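A.B. asks: One structure, pasted below without further comment.
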Amino acid sequence: MENRKLIKIATAGSVDDGKSTLIGRLLYDTGSLTTDKLEAIEKTSRQRGFDYLDFSLATDGLVAEREQGITIDVAHIYFNTDKTNFIVADTPGHVEYTRNMVTGASTSQVAIILIDARKGVIEQTYRHFFISNLLRLSHVVVAINKMDLVGYDEDVFLKIKADFDALVEKSNFKTEQITFIPISALKGENIAKKSAEMPWYLGNTLLDHLEVLEPEDLQEQAFARFPVQYVIRPKTDAFHDFRGFSGKLYGSSLQVGDKVTILPSFTESKIKSIQFFDQELDLAVPGASITLTLEDEVDISRGDMIVKSSELPSSEKSITATICQVNHKPLRIGEKYTLQHGVNRVLARVESIQSKIQTDFSGEERAEALKLNDIGKVSFKLSKAIHFDPYQVNRSNGSFILIDEGTHDTVSVGFIV
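Read in order, the letters of the sequence shown are residues 1 to 417 in UniProt numbering.
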């Protein structure tokens, strides 16, 4: 059976941009709606007096969302085509739910930013694009929706494209790929089939565009990082001396014979074998969950990291990071938290709040504290060194969370600069 590709997508849009309708349309056009769900949509649409199917009902799962017609929580929605499995993080676009968008998009590879063709680029569009930049999403699709309400006018599309291109010029993430697609989610124009109403648009439909994306092209090019999740010691007669180190590989590949360094001890060894379930591999690729054995008897515990000896990360007790505050309790100078980096936890104290960052690309301002949904640049002093890469170099090894020591709530997510 042919292996399917997996593409992870984050969506973002302002109120009434039609994001929920777009996702519902994708589910409908790919045959991913169950019969009872489709019947429920048809029934509710009739009850509301609509002469069309309200596909937003397929995704607005919370009662509050259905009542208000907005998205609040992050929902993960699954659909597939013959070649590709898709996971969509349906994230809210409102400023008061910035934290939800950050967390929802943090594991995504592609962002779809919706723009209402009647309104064009607005303040919330700036924030959505800022967050896709912050999270280093390498591919952004700008879906200009509701083209049916502007008469499928090419000039409207070109004006919005020019305005968004001006926004792109403010970005510091120059390798980002931007694709513009004019659509009508309600009418199904340029979603799964080409629109006869917009013959001037010569590009792919939204679904065709997503289908041609390759996961390998969306992965970051980074050094190999292998945080140890579990040490395997069977202690059976058949595997009396077996000692393996399990975890998920990030960044780039590892292969048998590679010279590696174990952190934090900085002990060196070589990879003896790579195992995946009941298979032995010569090479492991990023994203693989594997077990490594080493040629030497090395003391390794959960939380240690195995890296190539020629590609060591930074090891510091002081870090500066971009912080998104996800808790109602403000982050203040002098506060102490538990910082979780991968599976490691260290104590951290806020040394300084350098600035609060404006999400409209207008700059930074001074701040005494970071409140819920604020994004800022913060310096920390740690109880012991962590082994990290800047987030823009390695997303997995450059991110962390802050945990309140008293309540054990997550208060912030951080991206090391």
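Every residue gets a Cβ at the ideal spot worked out from N, C-alpha and C, and that includes glycine.
Keep in mind that this is a model prediction, so the values were computed, not measured.
1) May I ask you to list the residues that DSSP assigns as paired with residue 291?
2) Would you say the segment 328-346 touches the segment 287-298, given that touching needs at least three Cβ pairs under 8 angstroms?
3) Between the segment 116-126 and the segment 160-167, do at least 3 Cβ pairs fall closer than 8 angstroms?
4) Within 10 Å of its beta-carbon, does residue 189 have 16 or more other beta-carbons around it, so buried, or fewer, so exposed?
5) So the beta strand (DSSP E) residue 414 belongs to, where does it begin and stop?
6) From the DSSP output, in three-state form, read off residue 7 for me.
7) With DSSP as the reference, label residue 139 as helix, strand or coil.
8) Is the segment 294-313 touching the segment 262-281, taking contact as three or more C-beta pairs under 8 angstroms?
9) Please confirm if residue 333 has its CB atom under 8 angstroms from at least one CB of chain C.
10) Should residue 12 and residue 37 be called a contact, given that it needs their Cβ atoms to be closer than 8 angstroms?
11) Within its chain, find whatever has a CB closer than 6 angstroms to the CB of residue 141; leave out the 5 residues flanking it on each side and keep chain order.
12) Roughly how many whole angstroms lie between the Cα atoms of residue 325 and residue 78?
13) By the DSSP assignment, the beta strand (DSSP E) with residue 156 in it spans what residues?
14) Residue 105 lies in the alpha helix (DSSP H); which residues open and close that run?
15) Given this structure, state the Cα-to-Cα distance separating residue 276 from residue 415, to the nearest angstrom.
16) When DSSP labels each residue in this structure, what does residue 239 get in the three-state scheme?
17) According to DSSP, residue 47 sits in a beta bridge with which residue or residues?
18) When we look at the beta-carbon of residue 370 and count the other beta-carbons within 10 Å, is it buried (16 or more) or exposed?
19) On the three-pair Cβ rule with 8 angstroms, is the segment 190-198 touching the segment 217-230?
20) Among the candidates 138, 304, 23, whose CA atom is the shortest distance from the CA of residue 90?
21) Using only the alpha-carbon positions, how far apart do residue 9 and residue 87 sit?
22) For residue 28, which of helix, strand or coil comes out of DSSP?
23) Could you give the residue range of the beta strand (DSSP E) that holds residue 349?
24) Which stretch, first to last residue, makes up the alpha helix (DSSP H) that contains residue 131?
25) DSSP puts residue 269 in a beta bridge; with which residues?
26) Just to confirm before moving on: does the CB-CB distance between residue 186 and residue 143 stay below 8 angstroms?
27) Are residue 21 and residue 55 touching if we call contact CB-CB under 8 angstroms?
28) Ignore the nearest five residues each way along the sequence and tell me which others in residue 271's own chain have a CB closer than 8 angstroms to its CB.
C.D. replies: Here's the rundown:
1) 246, 275
2) no
3) yes
4) buried
5) 410-416
6) strand
7) strand
8) yes
9) Looking at the structure shown, chain C is missing, and only one protein chain is on hand.
10) no
11) 112, 179
12) 28 angstroms
13) That residue, residue 156, is in no beta strand (DSSP E); its alpha helix (DSSP H) goes 154-168.
14) 98-105
15) 31 angstroms
16) coil
17) DSSP, once it has assigned bridges, lists no residue as partnering residue 47.
18) buried
19) no
20) 23
21) 6 angstroms
22) helix
23) 344-357
24) 123-134
25) 260
26) no
27) yes
28) 254, 255, 256, 257, 258, 260, 292, 293, 294, 295
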